[in-house]
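Right, one structure below, let's go through it.
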Amino acid sequence: MQYTIVYSSQTGNTAQLARALREALPAQDCRYFGPPGPDVPETPLVLAGFWTDKGDCPPDLAAFLSGLHGRSVALFGTAGYGGGGAYFQAVLDRAAGHLPEDNIRLPGFLCQGKMPPAVRERYAAAGLHDKVALFDAALSHPDGADLEALRAWAAALPPFSKL
Ligand SMILES: Cc1cc2nc3c(=O)[nH]c(=O)nc-3n(C[C@H](O)[C@H](O)[C@H](O)COP(=O)(O)O)c2cc1C
0 MQYTIVYSSQ TGNTAQLARA LREALPAQDC RYFGPPGPDV PETPLVLAGF WTDKGDCPPD
60 LAAFLSGLHG RSVALFGTAG YGGGGAYFQA VLDRAAGHLP EDNIRLPGFL CQGKMPPAVR
120 ERYAAAGLHD KVALFDAALS HPDGADLEAL RAWAAALPPF SKL
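Going by numbering that gives the first Met the number 0, the first residue of the sequence shown is number 0, and it counts up by one from there.
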């Protein structure tokens with residue numbers, strides 16, 4: 000099945016996931032790899048990646064998702080805060096809320112992604128010790144295990160698991 004990998008990444012974490020997906024999936028069926036925009040070709044399957052922005056996907060990816068119709072869409076991305084699957088699922092659900100209902104939503108994948116050092120300084124200056132701990136926990140991500148989990152997720156998506 001032909002597919003596109005469309006992703007929004009500010010500091011490179013989500014781009015790292017996108018590149019790992021491109022390397023893992025059948026190259027001959029990949030019609031596009033890059034940021035959201037008007038030039039993205041229409042394919043039946045869309046892998047849409049994002050960094051978490053205030054608990055949601057960022058506006059550029061939200062706008063892209065809201066223009067999709069009749070596709071199978073799998074969301075992937077990174078979030079600064081980890082702490083378990085429930086937060087990741089909530090972010091994925093919020094991002095999926097930008098998809099019109101005539102799309103098929105496939106399972107999503109989210110992992111932690113490091114944040115810029117200025118964020119830690121802000122948290123520390125404000126005495127937000129819990130947030131400093133979250134920041135420090137994110138520093139090593141995405142790591143090898145995240146990328147391994149990402150590849151396993153992609154291989155299990157219906158269009159690829161049938162190959
Ligand atoms: C303005 C801004 C808002 C953010 N909001 C959140 C958030 O609400 N939840 C979260 O888990 N991470 C948040 N983050 C952290 C990023 O989502 C995280 O570092 C992500 O891995 C960055 O991905 P990228 O390198 O692909 O841009 C935020 C980062 C920035 C800069």
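Using N, Cα and C, we set each Cβ at its ideal position, and we do this for glycine too.
Predicted, not measured: the structure shown is a model, and the values here were computed from it.
Worksheet item: Does the Cβ of residue 130 lie closer than 7 Å to at least one heavy atom of ligand 1?
Response: For the purposes of this step, residue 130 is identified with residue 131 of the sequence shown, where counting begins at 1. Not so, every heavy atom of ligand 1 lies at least 7 Å from the Cβ.
Practice prompt. Identify every residue that forms a DSSP beta bridge with residue 29.
Written response: Taking the first residue of the sequence shown as 1, we reach residue 29 at position 30. Paired residues: 2.
Discussion item. Please return the same chain residues whose Cβ sits closer than 6 Å to the Cβ of residue 156, not counting the five positions on each side in sequence.
Written reply: Residue 156 sits at position 157 when you count from the first residue of the sequence shown. The answer, listed in chain order, is 73 and 105.
Worksheet item: Along the chain, which unbroken stretches of the alpha helix (DSSP H) at least 4 residues long are found entirely within the stretch 98–153?
Response: 116–124 and 128–137
Practice prompt. Verify whether the separation of the beta carbon atoms of residue 98 and residue 67 is less than 8 Å.
Written response: One-based indexing of the sequence shown puts residue 98 at position 99. One-based indexing of the sequence shown puts residue 67 at position 68. Their beta carbons are under 8 Å apart, which means residue 98 touches residue 67 by this criterion.
Worksheet item: In terms of alpha-carbon separation, which member of 87, 82 and 45 lies closest to residue 69?
Response: Taking the sequence shown and counting its residues from 1, the one referred to as residue 69 is at position 70. With distances taken between Cα atoms, residue 69 lies closest to 45.
Worksheet item: Hey, quick one: how far does the beta strand (DSSP E) through residue 72 stretch, first residue to last?
Response: Within the sequence shown, residue 72 is the residue found at index 73, counting from 1. Unbroken beta strand (DSSP E) run through residue 72: 71–78.
Fill in: Residue closest to residue 107, alpha-carbon to alpha-carbon, out of 123, 124, 118 and 86
By one-based count along the sequence shown, residue 107 stands at place 108. When only C-alpha atoms are compared, the closest one is 86.
Worksheet item: Can you give the Cα-Cα distance for residue 113 and residue 103, rounded to whole angstroms?
Response: Position 114 of the sequence shown, counting from 1, holds the residue named residue 113. Position 104 of the sequence shown, counting from 1, holds the residue named residue 103. C-alpha separation (whole angstroms): 30 Å.
Worksheet item: How would you call residue 111, buried or exposed, if buried means at least 16 neighbouring beta carbons within 10 angstroms?
Response: Taking the sequence shown and counting its residues from 1, the one referred to as residue 111 is at position 112. Buried, by the Cβ-count rule.
Discussion item. Checking the sheet assignment: what are the DSSP bridge partners for residue 96?
Written reply: For the purposes of this step, residue 96 is taken as the residue at position 97 of the sequence shown. DSSP, once it has assigned bridges, lists no residue as partnering residue 96.
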